[in-house]
Amino acid sequence: MSAHVEITLTGVANVKITKQVTLPKAEADKLLADDSKMQDMLTRNNAVDVTSWDHVFGKKHREFTITTPEPGYTCANSHCGWVGNESDKAMVYVGAQLSPACPKCNSVKFYKVQQVVPRG
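Heads up, the sequence shown is in our numbering, so the first residue is 7 and it goes up one at a time.
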């Protein structure tokens with residue numbers, strides 16, 4: 007997980023180009039400190055030929071972290087019906103080994119599903 011920053015770059019010349027991109031925080035700080043890099047970013051993938059710039063500025067909007075969703079599971083016991091995430095599983099001893107198990111019926115077999123998000 008790395009911190010990301012959403013920034014908006016604006017440059018004014020004979021044309022005005024605004025792009026909103028999401029970059030890692032360190033890369034965003036370097037980009038916002040260098041006018042020529044902002045100009046390159048603004049004109050990249052555009053059919054625009056700018057010969058002179060009036061001014062260029064950038065602004066940070068918000069910082070956020072991209073997290074990977076926790077995998078979801080459903081109990082393989084057809085009589086149970088429990089559905090939850092990895093962190094919701096109970097821990098039980100199977101022989102001498104501690105294993106994740108269904109908190110409802112203590113089964114150790116699961117089917118993997120999409121992440122389970124509580125409502126409300």
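Using N, Cα and C, we set each Cβ at its ideal position, and we do this for glycine too. Quick caveat: nothing in here was measured; it's all calculated off a predicted structure.
**Request:** Would you identify the three-state DSSP class for serine 105, choosing helix, strand or coil?
**Result:** The sequence position of residue 105 within the sequence shown is 99, counting from 1. Looking at serine 105 - three-state DSSP - the assignment turns out to be strand.
**Asked** Does at least one heavy atom of the ligand PLP sit under 7 Å from the Cβ of glutamate 33?
**Response** Within the structure as shown, the ligand PLP is missing, as the structure has no ligands at all.
**Request:** Inspect the beta-carbon positions of alanine 9 and threonine 71 and report whether they are closer than 8 Å.
**Result:** If you number the sequence shown from 1, residue 9 lands on position 3. If you number the sequence shown from 1, residue 71 lands on position 65. The answer is yes: Cβ separation under 8 Å.
**Message:** DSSP has arginine 68 in a bridge; who is on the other side?
**Reply:** Here residue 68 refers to the residue found at position 62 of the sequence shown. According to DSSP, arginine 68 bridges with Glu12.
**Beta carbon of glutamate 69 nearer than 8 Å to that of valine 11** = Numbered from 1 along the sequence shown, position 63 holds the residue referred to as residue 69. Numbered from 1 along the sequence shown, position 5 holds the residue referred to as residue 11. In contact: glutamate 69 and valine 11 (Cβ atoms closer than 8 Å).
**Prompt:** Assuming valine 62 and glutamine 45 make a contact with CB atoms under 8 Å, what is their CB distance in whole Å?
**Reply:** For the purposes of this step, residue 62 is identified with residue 56 of the sequence shown, where counting begins at 1. For the purposes of this step, residue 45 is identified with residue 39 of the sequence shown, where counting begins at 1. With 8 Å as the limit, valine 62 and glutamine 45 qualify as a contact, their Cβ atoms being about 6 Å apart.
**Message:** Give me the residue from Pro30, Cys81, Val89 with the minimum Cα distance to valine 114.
**Reply:** As a position in the sequence shown, residue 114 is number 108, starting the count at 1. It is Cys81.
**Message:** Would glycine 90 and threonine 14 qualify as a contact pair, given that the criterion is a beta-carbon distance under 8 Å?
**Reply:** The sequence position of residue 90 within the sequence shown is 84, counting from 1. The sequence position of residue 14 within the sequence shown is 8, counting from 1. Cβ atoms of glycine 90 and threonine 14: not closer than 8 Å.
**Prompt:** How is lysine 43 classed by DSSP in three states: helix, strand or coil?
**Reply:** Locating residue 43 in the sequence shown gives position 37, where the first residue counts as 1. If DSSP states are grouped into helix, strand and coil, lysine 43 belongs with the helices.
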